[in-house]
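Q: When we follow our numbering, the leftmost residue of the sequence shown carries the number 1, and every step to the right adds one. Where is the CB? At the ideal position from N, CA and C, for every residue including glycine.
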Amino acid sequence: MADFPHGAALVIGGSGGLGSAIARGFAEKGVALAITYRHNEEAANEVASTIRAGGGACSVHQVDLGDLDSVNACLEALIEAHGAIHTIAHAAGTHIDQPYISQTTPEQWRNTMDWDVNGFFHVVHAALPHLRASKGSIVFVSSSGLRRFPPGDVLSVAPKGAIEALMRGLAREEGRNGIRANNVAVGVVDAGMFPKLVERGELSQQWIDAAMRNTPLRRFGTPEEIADAVVFLASERARYITGQTLFVDGGYTL
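Quick look at the structure:
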């Protein structure tokens, strides 16, 4: 049995640190790909060029997750090019402030929930007919903060809690149509927002040292380790796994 059926995988946020690693992980399995970006076209094209140079197929699409028409247009282009979509891997992220709950403004809350939760819902809403046809899979990249909440991280974790509930609902309702839905909850990973927060001084050395001490494996994760988990959950090897959150965090949530 092949790991993936005919068709293509869509990596939402494939221009980012985690998204690009996930895209490369799928490409290594021979999966035809599309990746999306919001603003960073140059990074997205670099990811696609690397995949093509290795013999893979990868298209690039600018998508505004807040615009359902934009999401639909991307999916329709993918169907036209490949005939089917068997996987949606959602790894989109943006800079998120880190205030305490008492310091979070209603505007910050609304904007973050709209970007994260409503954006993911738009992807789900547009993708369901295609995933029903392919009996496909959705994997969302989430946060280990779902189980071990880091103070000051409400704007990151709260939307992902809502998305975890949506993912479980998808698994329950759409299982009869052959669709699987799972989360990969990551700890501190040396990619994506973490290096940027360190560079901007928003994470102190004290915070970094404490996070390392609280991780039983005594190291931070790599993008490739996250990609391995996402690709596995999307593949036929995980065909009896749905509605689950897999914590890939070096034991941080223990």
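Just to confirm, is the Cβ distance from ALA84 to GLY14 under 7 Å?
A: Going by C-beta atoms, ALA84 is not nearer than 7 Å to GLY14.
Q: Using the three-state DSSP reduction, which class does GLY179 fall into: helix, strand or coil?
A: First, the residue type needs correcting, since residue 179 is Ile and not Gly in the sequence shown. Here ILE179 sits in coil by DSSP.
Q: DSSP three-state call for GLN244: helix, strand or coil?
A: In the structure shown, GLN244 sits in coil (DSSP, three-state: anything other than H, G, I, E or B).
Q: Taking DSSP as the reference, what is the three-state secondary structure of SER137?
A: The answer is strand: DSSP assigns SER137 an E or B state.
Q: Check this for me: beta carbons of SER144 and SER156, under 7 Å apart or not?
A: Contact: no.
Q: Look at the Cβ atom of LEU131, then the Cβ atom of ILE179, and state whether they are nearer than 7 Å.
A: It is a contact, given that the beta carbons lie within the stated cut-off.
Q: What are the start and end residues of the beta strand (DSSP E) that includes ALA9?
A: That run of the beta strand (DSSP E) goes 8-12.
Q: Use the C-beta contact count for ALA102: other C-beta atoms within 10 angstroms, 16 or more gives buried, fewer gives exposed.
A: Note that residue 102 is Ser in the sequence shown here, rather than Ala. With fewer than 16 Cβ atoms within 10 Å of its Cβ, SER102 is classed as exposed.
Q: Please classify LEU177 as buried or exposed, where buried requires at least 16 neighbouring CB atoms within 10 angstroms.
A: In the sequence as presented, Leu is not what sits at residue 177; that position holds Asn. Flag for ASN177 reads exposed.
Q: Among residues of its own chain, excluding the 5 on either side of GLY161, which ones have a beta-carbon nearer than 7 Å to its beta-carbon?
A: These residues qualify, in order along the chain: LEU146.
Q: Output needed for ALA73: all residues of its chain with C-beta closer than 6 Å, excluding positions within five of it in sequence on either side, in chain order.
A: Counting only Cβ-Cβ distances below 6 Å, and skipping sequence neighbours, we find nothing.
Q: Give me the residue from TRP207, LEU65 and GLU80 with the minimum Cα distance to SER59.
A: Of the listed residues, the one whose Cα sits closest to SER59 is GLU80.
Q: To the nearest angstrom, how far is it from the Cα of TYR100 to the Cα of LEU65?
A: Cα-Cα distance, rounded: 26 Å.
Q: Would you call the segment 47-58 and the segment 29-39 touching, i.e. three or more CB-CB distances under 8 Å?
A: Yes: the two stretches touch, three or more of their Cβ pairs being nearer than 8 Å.
Q: In this structure, what does DSSP give as the bridge partners for LEU65?
A: Partner(s): none; LEU65 has no beta bridge.
Q: Are the beta-carbon atoms of PHE149 and MET167 separated by less than 7 Å?
A: For PHE149 and MET167, no; Cβs fall outside 7 Å.
Q: Cα separation between VAL186 and ALA89?
A: Taking the straight line joining both Cα atoms gives about 14 Å.
Q: If we require 4 or more residues per run, which alpha helix (DSSP H) segments fall completely within the segment 58-132?
A: You should have 68-82 and 106-113.
Q: Run through DSSP, which three-state label would LEU197 get?
A: Helix.
Q: Hey, quick one: how far does the beta strand (DSSP E) through LEU33 stretch, first residue to last?
A: That run of the beta strand (DSSP E) goes 32-37.
Q: Our contact map puts LEU197 next to ALA181 with C-beta atoms below 8 Å; I'd like the distance itself, whole angstroms only.
A: Actually they are not in contact, since the Cβ atoms of LEU197 and ALA181 sit about 29 Å apart, beyond 8 Å.
Q: Could you compute how far the alpha carbon of ARG110 sits from the alpha carbon of PHE4?
A: About 38 Å.
Q: State the beta-bridge partners of ALA185 as determined by DSSP.
A: Its beta-bridge partners are SER142 and PHE247.
Q: What's the gap between the Cα of ILE226 and the Cα of ALA234?
A: Distance between the alpha carbons of ILE226 and ALA234: 13 Å.
Q: Quick check: what's the CA-CA separation for PHE220 versus GLN205?
A: The straight-line gap from Cα to Cα measures roughly 14 Å.
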